[in-house]
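Number of protein chains: 4
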Amino acid sequence: MLIFEPRDPNFETRVRASFARLSLMKTIGASLTRVSPGEVEIELRLRQNLTQQHGFLAAGIVTAILDTACGYAALSLMPAGPEVLTVEYKVNFVSPARGPRLIARGRVTKPGRTLTVCAGDVFALSNGSEKLVATMLATMITAEQR
Amino acid sequence: MLIFEPRDPNFETRVRASFARLSLMKTIGASLTRVSPGEVEIELRLRQNLTQQHGFLAAGIVTAILDTACGYAALSLMPAGPEVLTVEYKVNFVSPARGPRLIARGRVTKPGRTLTVCAGDVFALSNGSEKLVATMLATMITAEQR
Amino acid sequence: MLIFEPRDPNFETRVRASFARLSLMKTIGASLTRVSPGEVEIELRLRQNLTQQHGFLAAGIVTAILDTACGYAALSLMPAGPEVLTVEYKVNFVSPARGPRLIARGRVTKPGRTLTVCAGDVFALSNGSEKLVATMLATMITAEQR
Amino acid sequence: MLIFEPRDPNFETRVRASFARLSLMKTIGASLTRVSPGEVEIELRLRQNLTQQHGFLAAGIVTAILDTACGYAALSLMPAGPEVLTVEYKVNFVSPARGPRLIARGRVTKPGRTLTVCAGDVFALSNGSEKLVATMLATMITAEQR
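Protein chains in written order, with this note's numbering: chain X, 134 to 279; chain R, 134 to 279; chain W, 134 to 279; chain F, 134 to 279.
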């Protein structure tokens with residue numbers, strides 16, 4: 134695991150304020166459970182209205198929490214001011230996204246002034262054990278706030 | 134555009150029945166607007182509770198309709214019986230996912246017995262014109278139904 | 134197919150001059166067979182020293198000609214001065230990269246000042262017919278020349 | 134790092150025999166420096182005839198050694214008999230592929246009977262320090278040998 138020094142000591146406040154403005158995260162009931170420099174964790178309880186045909190969390194929602202965790206991992210290392218947008222991501226789905234709880238962990242692989250590369254994983258939590266559900270490799274871009 | 138011959142004449146009924154079982158698609162209000170052999174279209178009206186911080190459709194939901202369109206494009210070419218699961222996808226986001234309407238088009242690039250490669254695009258529709266929002270390249274796998 | 138207007142009328146000369154500086158392309162014997170605004174074609178004759186275990190062109194070389202075609206498709210739409218670097222790409226391999234000739238076609242999906250999204254395909258040519266070998270989705274970045 | 138138990142005690146012999154049949158690896162002068170269960174390392178000395186316009190290792194060759202390391206990481210966990218083919222990969226390029234030595238490390242993220250997901254990194258080695266050059270996320274498939 135890489136150790137990063139945040140450029141803005143208030144990174145956590147900034148990340149939490151931005152997360153609070155994401156309507157989708159509120160709609161699905163996701164919560165920001167950890168914000169460290171270059172690493173962010175989001176947790177979600179499976180709800181029936183977010184599932185696919187087998188009762189597992191739909192791929193798009195697995196992706197949404199993973200993308201959000203990766204984006205904020207990137208933002209946590211940036212100076213105050215700009216925001217982070219997703220350029221692209223790739224996700225592999227390796228096992229069913231079972232409930233009751235899922236956790237997404239995003240981390241910075243390579244920070245940069247313009248582009249930041251992130252990686253992340255989603256795990257299904259059950260009886261204290263974690264099982265890998267999906268893994269992401271993503272490119273984020275720094276953008277001036279609108 | 135490739136022309137495909139469906140192996141099951143009832144492909145549309147099959148795809149529509151499967152789509153009806155996707156809770157997330159119901160939750161977000163997506164509808165299946167076209168099912169052709171190897172090509173499927175899904176439409177969505179932007180709702181405020183699905184947005185990110187700028188009021189655009191969140192990337193995860195853009196991805197969800199794109200993935201669903203690609204998955205059913207693959208399923209439309211398959212014989213009755215098996216289902217399709219997403220192995221992985223990559224999405225590039227190229228412009229804001231503005232409302233009021235978004236349309237996802239998925240198509241088969243290369244059908245296969247085990248793996249099918251699909252591509253898809255999401256467009257924002259406004260005043261009769263279409264603007265590219267995101268583009269996907271995906272791998273689907275044929276699986277026996279549970 | 135999108136129609137693009139080049140910003141530099143000398144785009145072809147510029148692309149050809151840059152291609153001539155790529156040692157790897159010379160080493161593998163690739164040639165630039167077409168340079169249009171936003172679309173570039175590269176051809177390669179299969180050589181035994183570029184193969185994998187079955188005598189097909191190795192995936193890395195399939196990727197190399199595809200990446201080069203996509204990068205120059207992006208460069209063809211740019212003003213004189215900056216160059217193009219590859220941020221990332223994803224490639225799906227769909228059938229064996231058989232000889233005797235392979236052709237890579239890269240095209241711009243979405244041009245941009247900083248980032249350009251491209252797509253490309255490699256085909257195996259044999260007896261006048263083309264068979265899809267691989268398909269790419271890539272992100273390119275504009276960079277000041279060193 | 135995950136710990137894997139090989140299903141075939143002769144995995145290293147099998148991987149080395151297969152690597153020896155890859156003409157491209159011979160052509161570029163790559164060598165297999167480590168074969169562990171689920172993790173493989175390949176090393177390459179930069180040669181001028183494999184470079185792009187700035188004298189760095191071309192992206193396609195960076196990808197070739199990364200793909201080979203990932204593919205053999207997958208093969209190392211399989212029983213004797215079948216081989217591994219690349220379904221698709223995504224690579225992010227994060228810093229110049231400088232010489233004199235580059236090292237690719239591929240590892241299994243999720244083994245499977247049909248599909249195996251792998252991740253890998255290429256590092257530039259210079260004066261005893263390693264710098265990340267590129268990172269890959271890949272899908273491999275088990276195939277009966279021809």
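The beta-carbon is built from N, C-alpha and C at its ideal position, and this holds for glycine as well.
Item: How would you write the range of the beta strand (DSSP E) that F:Val148 sits in, first residue to last?; Value: Premise fails: F:Val148 lies in the alpha helix (DSSP H), Phe144 to Phe152, not in any beta strand (DSSP E).
Item: Is the region 252-260 of chain F close to the region 241-260 of chain W, with three or more CB pairs under 8 Å?; Value: no
Item: Could you check which residue in X:Ala276, X:Ala267 and X:Pro233 has the C-alpha nearest to that of X:Gly193?; Value: X:Ala267
Item: Just curious, the alpha helix (DSSP H) that F:Val217 is in, first and last residue?; Value: Careful: F:Val217 lies outside any alpha helix (DSSP H), inside the beta strand (DSSP E) at Glu216 to Phe226.
Item: Based on Cα-Cα distance, which residue from F:Arg140, F:Arg147 and F:Leu177 lies nearest to F:Thr231?; Value: The residue you asked about is not Thr; residue 231 of chain F is Arg in the sequence shown. The shortest Cα separation from F:Arg231 among F:Arg140, F:Arg147 and F:Leu177 belongs to F:Leu177.
Item: Within a Cβ cutoff of 7 Å, which residues of the same chain sit near R:Ala191, ignoring the five residues on either side of it in sequence?; Value: Leu183, Thr184 and Gln185
Item: For the pair the region 226-240 of chain R and the region 147-166 of chain W, tell me if three or more CB-CB distances fall below 8 Å.; Value: no
Item: Is the region 154-162 of chain X in contact with the region 204-213 of chain X, if contact means three or more CB pairs nearer than 8 Å?; Value: no
Item: Tell me the residue span of the beta strand (DSSP E) that contains X:Asp200.; Value: That residue, X:Asp200, is in no beta strand (DSSP E); its alpha helix (DSSP H) goes Ala192 to Ser209.
Item: Under a Cβ-count criterion, where at least 16 other Cβ atoms within 10 Å of its own Cβ denotes burial, should R:Asn143 be classed as buried or exposed?; Value: exposed
Item: Please state whether the Cβ-Cβ distance between R:Met273 and R:Val250 is less than 9 Å.; Value: yes
Item: Output needed in chain order: residues of the region 149-181 of chain X with a Cβ under 7 Å from some Cβ in chain R.; Value: Ser151, Arg154, Leu155, Ser156, Leu157, Thr160 and Gln181
Item: Can you tell me where the beta strand (DSSP E) with W:Leu265 in it begins and where it stops?; Value: Ser262 to Ala276
Item: For X:Phe226, which residues in the same chain have their Cβ closer than 8 Å to its Cβ, ignoring the five residues on either side in sequence?; Value: Ala192, Val195, Val266 and Ala267
Item: For R:Thr247, count the other beta carbons within 10 Å of its own beta carbon; 16 or more makes it buried, fewer makes it exposed. Which is it?; Value: exposed
Item: Could you check if X:Arg238 is buried or exposed, using at least 16 other CB atoms within 10 Å of its CB as the buried criterion?; Value: buried
Item: Assuming X:Thr160 is part of the alpha helix (DSSP H), what are its boundary residues?; Value: Ser156 to Ile161
Item: Using a Cβ-Cβ cut-off of 6 Å (strictly less than) and excluding sequence neighbours within five positions of W:Glu277, which residues of its own chain qualify?; Value: Pro215
Item: Exposed or buried, what is X:Arg161 when buried is set at 16 or more other beta-carbons lying within 10 Å of its beta-carbon?; Value: One detail in the question is off: residue 161 of chain X reads as Ile in this sequence, not Arg. X:Ile161 should be labelled buried.
Item: Using the Cα positions of W:Ser164 and X:Leu135, report the straight-line distance between them to the nearest angstrom.; Value: 42 Å
Item: Verify the CB distance criterion: does X:Ala237 have a CB-CB separation below 9 Å to chain F?; Value: no
Item: What are the residues that DSSP puts in a beta bridge with R:Phe256?; Value: R:Ile236 and R:Leu265
Item: How many Å lie between W:Glu221 and W:Glu263 at the Cα?; Value: 27 Å
Item: What are the residues in the region 218-250 of chain X lying within 9 Å of chain W by C-beta distance?; Value: Val220, Glu221, Lys223, Thr247, Leu248 and Val250
Item: Using 9 Å as the threshold, is the C-beta distance between F:Tyr205 and F:Val217 below it?; Value: yes
Item: Can you find the residues in the same chain that come closer than 8 Å, C-beta to C-beta, to X:Lys243, ignoring five residues on each side of it along the sequence?; Value: Thr249 and Val250
Item: Report the rounded CA-to-CA distance for X:Pro170 versus F:Gln181, giving the unit in angstroms.; Value: 39 Å
Item: Can you find a C-beta in chain R that's less than 9 Å from the C-beta of F:Ile136?; Value: no
Item: Contact criterion: CB-CB distance below 9 Å. Does R:Leu199 meet it with respect to chain W?; Value: no
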